[in-house]
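For the sequence shown, position 473 (counting from the first letter as 1) is numbered 473 according to full-length UniProt numbering, and the numbering increases by one without interruption.
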Amino acid sequence: MEEDDIDKAIQYMREVVDAIPEDRPGRNYLLHSLAIEVFQKYLRTREIDELDEAIQIAQEAVDATPKDDLFRPALLNNLGIYFNDRHERIGAMGDLEKATQLSREAVEATPKDHPDRALWSSNLGNTLINKYQRTDVISDLDEAINIMRESVNTIPKDHPERTRLLHTLGSGLSQKNFRTEEIGDLKEAIQLAREAITATPKDHPERAIHLTAFGYRLGRKFVKTKVIDHIKEAIQVAREAVEATPKDDSARAYRLNTLGHNLSMIGDLEEAVSCHQMALLQSSSHSLTRIEGGSKILHLAVKIQDWRQVYNDLSTTIHITSKLIARSLETSDKQYMLGEVAELASRAVAVAFNAAKGLLDALALLEAGRGILATSLQDIRIDVSDLRNKHPSLAEQFVCLRGKLSKPISRNTSSTYQPSRQGQVSQRHKIDRRLDALILKIREHSAFENFLSAPSEADMRASARLEPIIYINGSIYWCDAILIEENQIRLLPLPSLNITDIAQKANKGSLGHPRILEWLSDTLTRPVLDALGFVPVSGDDWPHVWWIPTGPLINFPLHAAGYHNRAGFETVLDRVMSSYSSSIKAIIYRRRGLNPDARPDLTGAVLVATQDTSLAFATSEDEVVSSICKSMKINTVELEQRKEEVIRHQPNCKLFHFAGHGHTNNADPSQSHLVLDEPLTVATLLDMSLHESLPFLAYLSACVTSQIRDGKFIDESIHLVNACQLAGFRHVIGTMWKVRDEICLDIARITYETMRDMGMTDKSVCLGLHFAVRRLRDSWVKNLREKNLENCLNEGGDQIAMEDDLRDCKLKRDAVLVEDDHNNLGLAHWIPYIHVGV
1 MEEDDIDKAI QYMREVVDAI PEDRPGRNYL LHSLAIEVFQ KYLRTREIDE
51 LDEAIQIAQE AVDATPKDDL FRPALLNNLG IYFNDRHERI GAMGDLEKAT
101 QLSREAVEAT PKDHPDRALW SSNLGNTLIN KYQRTDVISD LDEAINIMRE
151 SVNTIPKDHP ERTRLLHTLG SGLSQKNFRT EEIGDLKEAI QLAREAITAT
201 PKDHPERAIH LTAFGYRLGR KFVKTKVIDH IKEAIQVARE AVEATPKDDS
251 ARAYRLNTLG HNLSMIGDLE EAVSCHQMAL LQSSSHSLTR IEGGSKILHL
301 AVKIQDWRQV YNDLSTTIHI TSKLIARSLE TSDKQYMLGE VAELASRAVA
351 VAFNAAKGLL DALALLEAGR GILATSLQDI RIDVSDLRNK HPSLAEQFVC
401 LRGKLSKPIS RNTSSTYQPS RQGQVSQRHK IDRRLDALIL KIREHSAFEN
451 FLSAPSEADM RASARLEPII YINGSIYWCD AILIEENQIR LLPLPSLNIT
501 DIAQKANKGS LGHPRILEWL SDTLTRPVLD ALGFVPVSGD DWPHVWWIPT
551 GPLINFPLHA AGYHNRAGFE TVLDRVMSSY SSSIKAIIYR RRGLNPDARP
601 DLTGAVLVAT QDTSLAFATS EDEVVSSICK SMKINTVELE QRKEEVIRHQ
651 PNCKLFHFAG HGHTNNADPS QSHLVLDEPL TVATLLDMSL HESLPFLAYL
701 SACVTSQIRD GKFIDESIHL VNACQLAGFR HVIGTMWKVR DEICLDIARI
751 TYETMRDMGM TDKSVCLGLH FAVRRLRDSW VKNLREKNLE NCLNEGGDQI
801 AMEDDLRDCK LKRDAVLVED DHNNLGLAHW IPYIHVGV
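Okay, structure coming up:
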């Protein structure tokens with residue numbers, strides 16, 4: 001049917017539906033038919049509004065259909081398809097869960113001998129496979145395979161829809177092979193694809209689906225067998241699939257990537273890159289698939305050496321990446337999607353210079369491709385005072401829309417007045433699109449052309465007016481530092497630093513070992529500080545620098561690098577005080593509208609200390625902090641470890657101190673948490689919006705509150721420290737790894753005493769932590785020398801092992817204390833503490 005015909009059919013059906021009373025029998029069937037037509041239009045136009053409308057109409061049809069209606073399973077099945085399609089388009093887990101639920105209801109409501117049950121089962125199998133890809137829960141995949149086997153065995157061999165069932169079963173088996181490496185699953189998946197191709201006419205639009213699957217699976221078989229005939233056939237059928245795909249088909253990018261990948265395996269790089277470039281530019285396809293095309297080009301860059309073209313392709317890829325996640329998505333959805341496109345930005349600098357581009361071009365790519373989740377939150381929490389002064393109506397609209405997006409999706413939908421979770425998801429999608437349109441409208445006005453745009457060169461230099469910003473970039477090509485100062489932005493090559501050493505040391509652990517600290521000094525921190533002109537400080541006037549490490553370097557303690565065994569200390573700690581950030585735009589955002597010399601309104605402090613008897617010093621720490629706060633006339637509220645109470649007190653809290661256990665979830669950083677009666681997760685903190693109350697300090701005296709171990713999330717810095725910053729705290733003190741209980745007490749005491757004595761200013765927070773860490777470092781070195789263990793420092797001996805080397809350690813803030821103090825002297829427990837702030 002032509003598009004004009006679809007529009008006419010939709011218009012006619014709308015008029016019919018509108019003319020029929022809502023309680024008239026049969027209206028639900030007309031709604032179902034109207035939803036089908038609107039969905040068909042969406043498949044042509046890819047306009048998300050049309051998919052939303054199809055879901056809305058189909059939901060109305062389901063709601064109007066009695067549970068015993070024989071037609072209800074068909075309505076449920078189609079609505080499930082629409083939700084699954086929106087999940088694939090936008091990435092909301094809520095849509096996928098709803099699709100799975102509806103598809104399951106459709107199957108369960110259909111008799112086993114019903115001719116359509118196998119089709120409903122196929123859709124359920126497809127959603128379960130999608131769910132497995134998202135959650136990695138193998139039981140979902142096993143259930144999908146079992147359902148599809150039953151469906152394939154049930155449906156007649158001459159049924160026109162049987163090939164779809166063969167395809168879905170093959171997809172499940174291919175996924176299983178990817179997980180288990182069981183060759184039998186791959187062979188069966190290949191056979192199913194071959195059978196589907198044989199049964200599909202050459203002019204059938206779905207033939208390309210089966211050809212692509214066949215080509216992909218044969219390519220995987222070639223990787224295992226190295227039989228050249230396998231890859232030749234894989235290329236042939238993948239090429240046939242591309243040729244059979246219309247230019248505007250949304251699946252075209254995936255098929256081009258499949259062909260390109262197969263071609264690269266036999267060394268046909270020119271055509272492989274051409275395929276990936278076409279995939280990257282396929283605007284009708286899903287963003288993740290297009291980004292995959294750009295990523296493939298980047299991986300082939302060293303071989304093809306066409307750096308100008310690679311730069312252009314990387315620029316396009318990062319631009320798509322920066323627009324990848326909708327603001328309406330939940331944190332877990334954003335995290336998942338960004339985890340699929342990790343570490344693109346870190347290669348931008350080398351690619352830009354190889355392409356003879358300027359430093360600003362490279363820096364722009366680096367900034368655009370990192371911290372995307374943070375940007376999505378910062379954009380809707382930005383200060384709009386200037387906009388309100390000049391265009392109050394636009395400011396009011398912006399505040400209204402961002403307020404709706406700032407509210408987390410409610411899980412409790414039992415109330416009559418509370419929309420269903422899925423209804424909330426749909427509403428947020430619409431609000432997000434309205435906000436996009438409003439931002440474009442705001443940019444039409446003078447002085448607001450760059451509203452919510454990337455920072456300019458002037459913005460970046462201004463952010464380094466008093467304190468230089470140091471971007472450390474490591475890639476497979478080379479490593480360098482970008483030094484941002486008020487008067488210039490310059491590149492400092494780091495020839496002794498390479499990504500292989502970085503990765504090996506990161507994987508080995510023990511990142512606080514003297515050997516690591518000295519290696520960091522030789523290869524990175526000393527050349528950087530020398531270039532900036534910093535020398536050891538003799539008085540109390542401490543210069544301040546901002547470190548922005550990328551890739552695996554984000555887990556290294558740059559602030560502690562150096563030779564702590566040498567007279568006078570050749571270390572970062574003795575030349576500058578350090579803070580960390582995830583990006584320049586994060587620094588700019590945090591400083592916007594703030595007076596750095598102003599003293600904050602510290603009207604209240606919330607203190608939480610664990611009652612865990614294994615952490616004997618946590619209660620003492622709480623008492624020390626409380627006493628210091630009271631001496632500064634700060635009202636304190638000491639809470640038990642109850643999540644609900646902690647959250648309730650946050651809007652009126654200016655200082656939050658937590659002394660207890662922290663937990664890092666490596667697979668899902670959004671579920672890393674502070675241990676209370678219920679976990680206080682990163683996701684929960686990110687959902688908080690405290691930017692209007694401007695809380696001053698979150699002090700997380702717990703283990704591993706700023707650690708990221710999964711490389712997929714390196715560029716996003718998703719951890720507890722950043723979550724507190726994004727929630728609205730001006731300053732956060734946290735830890736890079738496990739910390740010792742009594743050391744936590746000493747660090748907290750010295751930090752707060754310094755803030756009290758110097759006044760509660762932005763500078764005093766970082767300075768307080770700096771003094772505390774230096775004092776504990778000095779004591780550590782003194783103890784080593786008194787125990788004649790200095791040779792361990794000089795030689796980097798194994799006694800200076802860090803926490804990762806200890807298996808029975810006690811009294812850690814997520815474990816317990818080493819029993820022998822002598823053996824414990826080598827543990828540099830002062831290292832992990834870091835500051836993030838303004």
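We treat Cβ as the ideally placed atom computed from N, Cα and C, and that holds for glycine.
Check	Outcome
Taking the DSSP output, what are the residues bridged to T735?	Y833
Between the C-alpha atoms of A362 and I469, what's the straight-line distance to the nearest angstrom?	16 angstroms
Just to confirm my understanding: we take A241, look at its own chain, exclude 5 residues before and 5 after, and list those with CB closer than 7 angstroms. What are they?	A208, L211, T212, G215, R255
Candidates R428, K357, A144, K441: which alpha carbon is nearest H391's?	K441
Would you decide whether K763 is buried or exposed? Buried here means 16 or more other CB atoms lie within 10 Å of its CB.	buried
Report the residue ranges of all alpha helix (DSSP H) runs contained in full by the region 253-317; include only those spanning at least 4 residues, in chain order.	269-280, 287-299, 301-304
Please go through the region 126-205 and give each complete alpha helix (DSSP H) segment of 4 or more residues, from N-terminal end onward.	138-154, 162-180, 183-199
Is D522 near the ligand ZN, in the sense that its beta carbon is under 7 angstroms from a heavy atom of that ligand?	This structure simply doesn't include the ligand ZN, nor any ligand for that matter.
Leaving out five residues on either side along the sequence, give the residues of the same chain with a beta carbon under 7 angstroms from the beta carbon of G172.	G125, I129, L141, A144, I145, M148
Using the C-alpha atoms, what's the distance from F83 back to A92?	10 angstroms
Between Q424 and Q59, what straight-line distance do the alpha-carbon atoms span, to the nearest angstrom?	14 angstroms
Do residue 842 and G734 have their CB atoms nearer than 8 angstroms?	The structure shown has nothing for residue 842, since the chain only spans 1 to 838.
Mind checking if H87 is an interface residue toward chain B, Cβ cutoff 8 angstroms exclusive?	The structure shown contains no chain B; it holds only a single protein chain.
Which word fits K8, buried or exposed, when buried means at least 16 other C-beta atoms lie within 10 angstroms of its C-beta?	exposed
Do the CB positions of A345 and I318 come within less than 8 angstroms of each other?	yes
In angstroms with no decimal places, state the Cα-to-Cα distance between L694 and E97.	36 angstroms
If you measure between the beta carbons of S581 and I548, is that distance less than 8 angstroms?	yes
Which of helix, strand or coil does DSSP assign to R490?	strand
What three-state label does DSSP hand V608 in the structure shown?	strand
Along the chain, where does the alpha helix (DSSP H) that runs through S406 open and close?	392-406
Bridge partners of V545, per DSSP?	S578
Using 8 angstroms for Cβ pairs, my map puts V572 next to T525. What's the rounded Cβ distance?	5 angstroms
What does L483 pair with, by DSSP beta-bridge criteria?	I470, R490
Helix, strand or coil: how does DSSP classify R46 here?	coil
Please report the residue range of the beta strand (DSSP E) in which A683 lies.	Looking at the DSSP string, A683 is not in any beta strand (DSSP E); the run it does join, the alpha helix (DSSP H), is 682-687.
Quickly, what does DSSP pair E570 with across the bridge? List them, please.	Y563
Strictly by DSSP, which residues pair up with R347?	Per DSSP, none; premise fails for R347.
Go ahead and label D746 buried or exposed: buried means 16 or more other beta carbons lie within 10 angstroms of its beta carbon, across all protein chains shown.	buried
Does the region 292-300 come within contact of the region 663-682, defined as at least 3 CB pairs closer than 8 angstroms?	no
Buried or exposed for A64, please, with buried defined as at least 16 other CB atoms from any protein chain shown within 10 angstroms of its CB.	buried
Taking 8 angstroms as the threshold (C-beta atoms), are P514 and L492 in contact?	no
Can you name the start and end residues of the alpha helix (DSSP H) that H114 belongs to?	Counting along the chain, H114 falls outside any alpha helix (DSSP H), and DSSP gives it neither H nor E.
With a 10 Å radius around its C-beta and 16 neighbouring C-beta atoms as the bar for buried, classify G403 as buried or exposed.	exposed
In angstroms with no decimal places, state the Cα-to-Cα distance between R590 and K654.	16 angstroms
Give the range of the alpha helix (DSSP H) segment to which N507 is assigned.	499-508
Leaving out five residues on either side along the sequence, give the residues of the same chain with a beta carbon under 7 angstroms from the beta carbon of A234.	G215, L218, G219, F222, N262
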